[in-house]
Each structure stands twice: as C-alpha cells, then as structure tokens.
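The structure under discussion appears below in the form of structure tokens.
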Amino acid sequence: MSLSKIILGFVIYGYMCAGLHAQEIEVLILGIAQDAGHPQIGCVKPCCSESYKNTLNQHRVASLAISDGENFYIIDATPSIVEQYQTASDHFSGMSLGGIFLTHAHIGHYTGLMHFGREAMSSKELPVYVMPRMKNFLEKNGPWSQLVELKNIELHDLQDEKPVSLGELTILPLEVPHRDEFSETVGYLIKGSSSSLLYIPDIDKWVTWDRPIDKLISKVDFVLLDGTFFDGDEVPGRNLYEIPHPFVVESIEHLRNLSDENKNKVYFIHLNHTNPLLDTDNEAYQRVIKEGMHIAKRGMTFQL
C-alpha cells in the first residue's frame with residue numbers, strides 16, 4: 002500500500018473517531034532554530050551580535066510539545082530542553098511529561114536527554130520513542146547508555162509508517178533521507194481528534210524523498226517544514242551541499258503549483274542562525290508571506 006493511501010486512511014480514521022471523543026489535541030512550538038540555536042556559539046556577525054544583548058531576539062532549538070489532555074509529549078530533546086520543558090509544563094498546567102519522540106542523532110535533537118540523568122532530573126523510566134538505529138546508538142554509546150542502564154529513560158521502538166496511539170493522539174513516524182551518520186531520520190505526522198500536522202524539521206532535498214511532499218500537504222491540515230537555509234549564498238565560505246537541506250527558495254518553487262489553501266498550511270521551521278527569516282522586517286521574510294506561506298514562531302499553537 003502506498004504512503005499516500007496509508008496517510009489518507011490514517012487521517013480518515015481520526016475523523017471517524019472524532020465523534021467518539023471530545024478531547025482536543027494541542028501542539029505547542031517550543032523553538033524554531035537549527036540545532037545550535039540562535040545566537041550560535043562564536044558568531045560575531047550582525048545576525049547574532051544584537052541577540053546577545055536582547056534575549057527577546059534569541060531563538061530556541063526546533064521542538065514541539067503535544068498535549069493529549071492528560072500528559073504532554075515532546076518531540077526532540079534539544080540543547081534548549083531545560084527552558085522548553087518548563088515552557089511546556091507551564092503551558093500545559095497540571096500535566097506531566099508522558100514521553101519524548103526523537104527524530105535523529107544530530108546534536109539539536111537528542112543531546113538534551115542528559116538533563117534526565119542522575120546529575121539533573123533523574124527521571125524514572127521516561128518513555129523515549131526511537132527508531133532502530135537511534136535505539137542502538139543510545140544503548141551502545143555513553144553517556145546515553147547510562148540513562149538506559151539506570152532506567153532514567155525507557156526506549157520504545159518506532160517503525161517507519163507504524164503509528165503510535167496515545168489515547169486520542171496518534172503519532173506516525175516517516176523516515177526521510179538525511180545525513181544519517183549515527184541514526185536514521187524521521188519526521189512525524191501527528192493526528193488529533195479532528196486535524197493533523199506534518200512535522201519534517203530535517204531532510205536532504207525534497208527530490209531525494211520517494212514521498213511527494215505536495216501530495217502529503219494536501220492530505221493534512223498543518224505543515225512544519227525544514228527551512229534551515231533560505232538560499233545557497235547564506236553562509237559564505239561553507240559548502241552548503243555538504244550539509245544538505247532544501248533551501249526555502251527551493252521549497253517555494255517546488256510547491257509553487259499548490260493551491261492557495263494548501264500553501265497556507267506551510268510553516269518553515271529549523272532556521273539556521275544566519276537565516277534572514279529570523280528577522281520579520283527582512284525582504285526574505287516578506288517574500289515567504291507574499292507566497293502565501295508562513296514562518297513558525299515559538300509559542301505558536303495548533304489545535305488538532
């Protein structure tokens with residue numbers, strides 16, 4: 002069965018169940034920056050220098066929190082996890098952290114797990130949902146292996162296109178092509194009682210994926226896409242093809258034939274510290290808006 006049919010059935014099933022359940026699922030954006038955050042260590046360029054002086058101009062690493070009405074779940078344990086955990090706890094007042102879903106083994110997506118060890122929170126069997134290579138990486142490499150051995154975290158297996166049901170919340174991992182040195186990489190399709198959200202913070206290029214992103218967009222309600230670099234001239238002296246991501250200008254062109262309704266679903270996230278989209282007054286930011294798309298913001302919420 003094709004992924005398109007799987008997702009369509011996945012979404013239809015959720016809508017059929019909507020009449021049986023009243024609880025609304027909420028997604029909260031905890032951060033929008035690329036792995037190293039903003040400002041980035043050692044950066045003295047204008048894109049970072051002003052933000053050192055004004056914390057309101059700083060951006061935490063890309064992550065989501067999802068509430069099922071009883072617990073909340075976090076996608077990716079980022080270097081910003083201390084602040085992000087507190088933000089989610091405050092926003093979803095009275096709820097506990099029910100688990101963490103990891104996308105892959107690059108620094109912005111799993112290193113925050115250290116805060117659940119005995120030197121910090123010392124959590125007890127916190128569920129951490131992982132793909133097979135990610136699981137092996139955590140079990141075989143310190144200090145992460147200590148979290149497993151001491152049962153601070155409990156690893157739960159994920160499989161590509163196999164949904165995880167958490168009450169009325171369903172999360173479907175979708176494997177994507179990326180720089181998979183230590184683990185595979187996934188995005189997530191998140192389904193609530195009435196709507197769905199597609200989250201793909203990292204991918205090499207849309208044309209390298211065997212799943213047409215335009216068709217996936219047409220079958221969901223909200224889309225958060227990899228917007229790491231605006232274009233290929235963004236970081237002088239660096240070969241961006243060594244760290245491939247779809248440039249925002251490429252994504253705009255790739256999705257040009259979408260209807261206005263489908264373009265309106267798209268939000269760019271996972272922005273590098275050099276990305277002009279971090280500045281709402283920048284021409285690049287205004288171009289995205291004119292194209293009918295959006296830039297994600299910390300604190301933004303989606304009702305599912």
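Each residue of the sequence shown is one higher than the last, beginning at 2 in our numbering.
From the three backbone atoms N, C-alpha and C, an ideal C-beta is built for every residue, glycine too.
Computed from a predicted structure; not experimentally measured.
- DSSP places Asn72 in the uninterrupted beta strand (DSSP E) bounded by 72 to 76.
- The bridge partners DSSP lists for Asp203 come to none.
- Scanning Glu235, Met122, Ser166, Phe231 for the CA closest to the CA of Ile296 turns up Phe231.
- In this structure the region 233 to 241 does not lie against the region 208 to 222, because fewer than three pairs of beta carbons, one per stretch, are closer than 8 Å.
- Annotation note: the region 216 to 290 contains the following uninterrupted alpha helix (DSSP H) runs of length 4 or greater, listed N- to C-terminal: 249 to 255, 261 to 264.
- Taking Thr209 as reference, the option from Pro247, Tyr286, Leu305, Asp282 with the minimal CA-CA separation is Pro247.
- Under the three-state reduction of DSSP output, Ser81 falls in the coil class, being neither helix nor strand.
- Proximity of the region 47 to 56 to the region 69 to 81 falls short of the contact definition, fewer than three beta-carbon pairs being nearer than 8 Å.
- Annotation for Ile30: Leu65, Ala297, Lys298, Arg299, Gly300, Met301 place their beta carbon closer than 7 Å to its own, counting only its chain and skipping 5 residues before and after.
- Within the same chain, and ignoring the five residues on either side of Val83 in sequence, the residues whose Cβ sits closer than 7 Å to its Cβ are His116.
- Measuring C-alpha to C-alpha distances from Tyr111 to each of Glu150, Ala37, Ile253 identifies Ala37 as the nearest.
- Contact between Ile76 and Tyr200 holds: CB atoms are separated by about 7 Å, below the 8 Å threshold.
- Going by DSSP, Val165 is part of the beta strand (DSSP E) stretching over 165 to 167.
- Comparing alpha-carbon positions, the option among Ile33, Thr56, Ser90, Thr88 lying closest to Val62 turns out to be Ile33.
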